[in-house]
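Counting in the working numbering, the sequence shown tops out at residue 329, every number present. We put the CB at the ideal spot given by N, CA and C, even for glycine. Okay, so here's the structure we're looking at.
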Amino acid sequence: MPSKRLSVVVTRRLPEAVETRLSELFNVTLRDDDRPMSRAELVEAMQTADVLVPTITDQIDGGLLGQAGDQLKLIANFGAGFDHIDVATARQRGILVSNTPGVVTEDTADMVMALMLGVTRRMQEGLSVMQEGSWEGWSPTAFLGGRLGGRRLGILGMGRIGQAVARRAAAFGMQIHYHNRRRLRPEIEDSLQATYWDSIDQMVARMDVVSVNCPSTPSTYHLLNARRLKLMKPTAVLINTSRGEVVDENALSRMLKASELAGAGLDVYEHGLQGNPDLRNLPNVVMLPHMGSATEEGRIEMGEKVIINVKTFADGHRPPDQVLPAML
Ligand code: 8YV
């Protein structure tokens, strides 16, 4: 006799193909609209579902996990980062957590390059002039930016995304430097022609562009704090496509306003959905609404990863992308 189909609650609208396949395989509850679930809705979901499929917009903290029903056995996150889930508490309660690594790598790295070019080639200013209709025509000295080729790029966090950024930046002629918790194996370092810095302080002080590509964990909170940001060259540019919490956003915005940093390209924010209002009107800042991994292909692949994780679990095995508290 076939065993009971797992009950799966998905907290946001997902691409249609993903929702269809989930519905074929499991007893799925999908959203009618795409607004994030309220806390009360999340509690209800966690009291009824065997598997919860949340996204970054759901804060799955200890308080919420404490209200989960005994039937909840897997949180299969739709996304690579899992800093919004209290994985340690989930583990204590016997709830597995999985994520979708790998599928956001190339798209996020593309966006890092887009932001780097956006800032160094002054695209924000160019766009504004065209949108306002105030362009006065070509001039030999108008909108002069800087060339990426020859600049030193310091990558903070040399995991999958950091390495994908390094490959792209090398093709633009940049010199690749990095800091990572663990130094890369020599053959990978060689293939990326990347120079390792043990000291973040020393690295950031010498870079023309710094790209944040590490996850948000208790140990990376404000990794770029006011003191470290001040070590950067006034001509340097900061790119953050990781998590807002890694950078002290107030300190960054003060420095950008005071021209103590040349510019920033930001896809993620420490303070709220709209981003820091102080940053919004600065011409040397390119701000995007967390679009780094937002491609049709990437979202489908994320969904496929979620399906594999849930199906493998339903078949009695550990999900291939299970995450553990020790990974933080
Ligand atoms: C996703 C991300 O869009 O995967 C991640 O960790 O930051 C994003 O690019 C988001 O998390 C989906 O939940």
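Cβ-based neighbour list, residue i, same chain, cut-off 7 Å, excluding 5 preceding and 5 following
{"i": "residue 292", "result": "112 and 268"}
{"i": "residue 144", "result": "123, 126 and 127"}
{"i": "residue 296", "result": "108"}
{"i": "residue 60", "result": "85"}
{"i": "residue 147", "result": "121"}
Endpoints, the beta strand (DSSP E) within which residue i is located
{"i": "residue 105", "result": "First-last for residue 105: undefined, no H or E at that position."}
{"i": "residue 30", "result": "28-30"}
{"i": "residue 304", "result": "From DSSP, residue 304 is part of no beta strand (DSSP E) but of the alpha helix (DSSP H) over 297-315."}
{"i": "residue 241", "result": "238-241"}
{"i": "residue 288", "result": "286-288"}
{"i": "residue 77", "result": "75-77"}
{"i": "residue 254", "result": "From DSSP, residue 254 is part of no beta strand (DSSP E) but of the alpha helix (DSSP H) over 250-258."}
{"i": "residue 280", "result": "From DSSP, residue 280 is part of no beta strand (DSSP E) but of the alpha helix (DSSP H) over 278-281."}
{"i": "residue 53", "result": "52-54"}
{"i": "residue 266", "result": "264-267"}
{"i": "residue 212", "result": "210-213"}
Cβ neighbours of residue i in the same chain (closer than 6 Å, five flanking residues each side left out)
{"i": "residue 224", "result": "247"}
{"i": "residue 97", "result": "75 and 323"}
{"i": "residue 303", "result": "79, 101 and 104"}
{"i": "residue 106", "result": "161, 162 and 165"}
{"i": "residue 70", "result": "48"}
{"i": "residue 184", "result": "197"}
{"i": "residue 30", "result": "10"}
{"i": "residue 264", "result": "120, 238 and 285"}
{"i": "residue 277", "result": "250 and 254"}
Rounded straight-line distance, which links the Cα of residue j to that of residue i
{"i": "residue 3", "j": "residue 326", "result": "Because residue 3 sits at a pLDDT of 48, beneath the cut-off of 50, its placement in the model cannot be relied upon, and the following sentence gives the value as read from the coordinates. So the two alpha carbons sit approximately 34 Å from each other."}
{"i": "residue 154", "j": "residue 195", "result": "10 Å"}
{"i": "residue 241", "j": "residue 250", "result": "11 Å"}
{"i": "residue 160", "j": "residue 190", "result": "12 Å"}
{"i": "residue 21", "j": "residue 313", "result": "18 Å"}
{"i": "residue 1", "j": "residue 87", "result": "Within the shown structure, residues of the chain are numbered from 2 to 329, placing residue 1 beyond reach of any answer."}
{"i": "residue 135", "j": "residue 128", "result": "10 Å"}
{"i": "residue 273", "j": "residue 58", "result": "12 Å"}
{"i": "residue 109", "j": "residue 5", "result": "38 Å"}
{"i": "residue 34", "j": "residue 42", "result": "13 Å"}
{"i": "residue 11", "j": "residue 150", "result": "44 Å"}
{"i": "residue 130", "j": "residue 197", "result": "41 Å"}
{"i": "residue 46", "j": "residue 63", "result": "15 Å"}
{"i": "residue 140", "j": "residue 202", "result": "40 Å"}
{"i": "residue 81", "j": "residue 257", "result": "30 Å"}
{"i": "residue 231", "j": "residue 305", "result": "43 Å"}
{"i": "residue 171", "j": "residue 315", "result": "43 Å"}
{"i": "residue 1", "j": "residue 193", "result": "For residue 1 there is no data in the structure shown, the boundaries of the chain being 2 and 329."}
{"i": "residue 65", "j": "residue 32", "result": "20 Å"}
{"i": "residue 329", "j": "residue 226", "result": "Reliability fails at residue 329, whose pLDDT of 46 lies under 50, so the model's placement of it is uncertain and no value is given."}
{"i": "residue 317", "j": "residue 188", "result": "38 Å"}
Span of the alpha helix (DSSP H) around residue i
{"i": "residue 46", "result": "40-49"}
{"i": "residue 192", "result": "187-193"}
{"i": "residue 201", "result": "201-207"}
{"i": "residue 176", "result": "Element bounds for residue 176: not the alpha helix (DSSP H) but the beta strand (DSSP E), 176-180."}
{"i": "residue 324", "result": "Run containing residue 324: none; DSSP gives neither H nor E here."}
{"i": "residue 64", "result": "63-67"}
{"i": "residue 89", "result": "88-93"}
{"i": "residue 97", "result": "Not the alpha helix (DSSP H): residue 97 falls in the beta strand (DSSP E), residues 97-99."}
{"i": "residue 352", "result": "The chain is shown only over 2 to 329; residue 352 falls outside these bounds and no answer can be derived."}
{"i": "residue 7", "result": "Per DSSP, residue 7 belongs to no alpha helix (DSSP H) and is neither H nor E."}
Presumed contact (8 Å Cβ cut-off) between residue i and residue j, rounded CB distance
{"i": "residue 55", "j": "residue 300", "result": "The Cβ separation is near 15 Å, so there is no contact."}
{"i": "residue 222", "j": "residue 245", "result": "Actually they are not in contact, since the Cβ atoms of residue 222 and residue 245 sit about 11 Å apart, beyond 8 Å."}
{"i": "residue 280", "j": "residue 254", "result": "5 Å"}
{"i": "residue 213", "j": "residue 158", "result": "7 Å"}
{"i": "residue 228", "j": "residue 205", "result": "Not confirmed; about 10 Å, so no contact."}
{"i": "residue 219", "j": "residue 243", "result": "Not really, about 15 Å apart at Cβ, beyond 8 Å."}
{"i": "residue 320", "j": "residue 77", "result": "7 Å"}
Contacts around residue i, its chain only, beta-carbon distance under 8 Å, and the 5 residues preceding and following it disregarded
{"i": "residue 51", "result": "7, 8, 9, 72, 73, 74 and 75"}
{"i": "residue 308", "result": "19, 22, 23 and 26"}
{"i": "residue 92", "result": "98, 325 and 326"}
{"i": "residue 208", "result": "153, 154, 155, 178, 233, 234 and 237"}
{"i": "residue 118", "result": "124 and 149"}
{"i": "residue 298", "result": "108"}
beta-carbon residue i near ligand 2 non-hydrogen atom, thresh 7 Å
{"i": "residue 105", "result": "No copy of ligand 2 appears in this structure; the ligands present are ligand 1."}
Residue ranges of each alpha helix (DSSP H) within the segment 120-160, 4 or longer: The segment 120-160 contains these whole alpha helix (DSSP H) runs: 124-133.
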